[in-house]
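Below is one structure, written out as structure tokens; the observations come after it.
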Amino acid sequence: SQQGEEDPQALSIQEGENATMNCSYKTSINNLQWYRQNSGRGLVHLILIRSNEREKHSGRLRVTLDTSKKSSSLLITASRAADTASYFCATDGRGGNQFYFGTGTSLTVIP
Amino acid sequence: GAGVSQSPSNKVTEKGKDVELRCDPISGHTALYWYRQSLGQGLEFLIYFQGNSAPDKSGLPSDRFSAERTGGSVSTLTIQRTQQEDSAVYLCASSLGSESFYEQYFGPGTRLTVT
Chain Y
1 SQQGEEDPQA LSIQEGENAT MNCSYKTSIN NLQWYRQNSG RGLVHLILIR
51 SNEREKHSGR LRVTLDTSKK SSSLLITASR AADTASYFCA TDGRGGNQFY
101 FGTGTSLTVI P
Chain G
1001 GAGVSQSPSN KVTEKGKDVE LRCDPISGHT ALYWYRQSLG QGLEFLIYFQ
1051 GNSAPDKSGL PSDRFSAERT GGSVSTLTIQ RTQQEDSAVY LCASSLGSES
1101 FYEQYFGPGT RLTVT
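Protein chains in written order, with the working numbering: chain Y, 1 to 111; chain G, 1001 to 1115.
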């Protein structure tokens, strides 16, 4: 399977702390995206990182990509209770047109 | 503007019945994806449409599953002779193009329960 795997499966932190989630994948990719899913809702795109990029920032989000290790990390700084959600990484396959989603990290931010 | 919409939002059906799930993508989006998400799981790719090209059906789990996209817009996912293991949330997404640097816009999903 080309699916990404997120780690940890679940994470619980206090408001204000940083949250780090990791994603590992199996095949070469062109792009990797992170999505967020609130309970019972659809997914919302957070950030895209291309295979030739190593780090990207967007507001309180920081994404890194290590293609040699086939892994990516998502860091949420100064977490808020509203960040409570599941976070998924999505990678493209060799064909580039399909997305493979991981099983997600469930983040709980305690106020 | 309007996002991706899906209908119905919830569907309860008896085992063995056929169901149709509908997806209205964002206007102008040429790519459309269907995914299945079982409880507490990630997304399972089902099928992908790009413009007028033949769809990529490689993710469909069995021949009971089929999908159409009429006029390059609305899509219908049909599940024939439903089984209990088909119970899941079915998510539709659309994007401006097929390249993987385009973000996908997801609908709210259809929760299917097969009794």
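Quick reminder that beta carbons are idealized off the backbone N, C-alpha and C, glycines included.
Check                                                                                                                           : Outcome
Straight-line Cα distance separating A81/Y from Q1006/G                                                                         : 28 angstroms
D66/Y beta carbon less than 9 angstroms from that of A19/Y                                                                      : no
Any chain Y beta carbon closer than 9 angstroms to A1093/G                                                                      : yes
A82/Y (DSSP reduced to helix, strand or coil)                                                                                   : helix
Interface flag, L1043/G vs chain Y, CB-CB below 9 angstroms                                                                     : yes
Residues near I76/Y by beta carbon distance below 7 angstroms, same chain, minus five either side                               : N18, A19, R60, L61 and D83
When Y25/Y, I49/Y and R36/Y are compared against F1101/G, the one with the closest alpha-carbon                                 : I49/Y
Where Q33/Y meets chain G, residues with beta-carbon distance less than 7 angstroms                                             : E1103
The beta strand (DSSP E) enclosing I1047/G, as first and last residue numbers                                                   : L1043 to Q1050
Any 3 or more C-beta pairs closer than 8 angstroms across the segment 1084-1099 of chain G and the segment 1028-1036 of chain G : yes
Q1080/G - DSSP class collapsed to helix/strand/coil                                                                             : coil
Beta-carbon gap between L1046/G and A1031/G smaller than 9 angstroms                                                            : no
Contact with chain G by Y100/Y, beta-carbon distance below 9 angstroms                                                          : yes
Distance between Y1048/G and S1073/G (C-alpha atoms, nearest Å)                                                                 : 13 angstroms
Beta strand (DSSP E) segment containing S1094/G, residue limits                                                                 : A1088 to S1095
Beta carbon proximity, L61/Y to chain G, threshold 9 angstroms                                                                  : no
Cβ-Cβ separation, S106/Y to Q13/Y (assumed contact under 8 angstroms), whole Å                                                  : First, the residue type needs correcting, since residue 13/Y is Ile and not Gln in the sequence shown. At roughly 12 angstroms, the Cβ-Cβ gap does not stay under 8 angstroms, so I13/Y and S106/Y are not in contact.
Beta carbon of L1043/G nearer than 9 angstroms to that of A90/Y                                                                 : yes
Proximity test, Cβ basis, 9 angstroms: N52/Y and chain A                                                                        : The structure shown contains no chain A; the protein chains it does contain are Y and G.
V63/Y, enclosing beta strand (DSSP E) - first and last residue                                                                  : L61 to D66
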